[in-house]
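Just below is one structure, and these are the notes that go with it.
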């Protein structure tokens, strides 16, 4: 199915424990599954909690699933070399009850939406 929307779960109709649900107001297409021949590699994530990150080695790769507490705003920053670059500081929070800041630079800072 295509063109679904993620919305907050309505406990009147949604009996799952999820905070969100997918809503398909108008199903424009139902895509029939095809047999998996292994050509497309599956993404594999190992999610870490934010409170685990401070104990990780520098330059480690990390996957997190977090809530955006504050998307911040994009602002132009004067760099040491005299050029300017957009920066956005995003506050993230997860169920380990720890908040962290994520700094986005350049186009990702301009294009970020929460």
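In the working numbering, the protein residues as written are 1168 to 1281. Using N, Cα and C, we set each Cβ at its ideal position, and we do this for glycine too.
What residue range does the beta strand (DSSP E) around residue i cover?
i            : result
residue 1172 : 1172-1175
residue 1257 : 1251-1260
With respect to the alpha helix (DSSP H) encompassing residue i, which residues constitute its N-terminal and C-terminal limits?
i            : result
residue 1274 : 1274-1278
Quick one: what does DSSP say residue i is sitting in, helix, strand or coil?
i            : result
residue 1199 : coil
residue 1269 : strand
Give a yes or no on whether the minimum CB-CB distance between residue i and chain D is below 8 Å.
i            : result
residue 1258 : Given the protein chain composition of this structure (a single chain), no chain D is represented.
Fully enclosed by the stretch 1205-1242, which alpha helix (DSSP H) runs are 4 residues long or longer? Correct list: 1217-1220.
Practice prompt. Examine the Cβ distances between the stretch 1253-1263 and the stretch 1232-1243 and report whether three or more of them are shorter than 8 Å.
Written response: Judged by pairs of C-beta atoms under 8 Å, the stretch 1253-1263 touches the stretch 1232-1243, as three or more such pairs exist.
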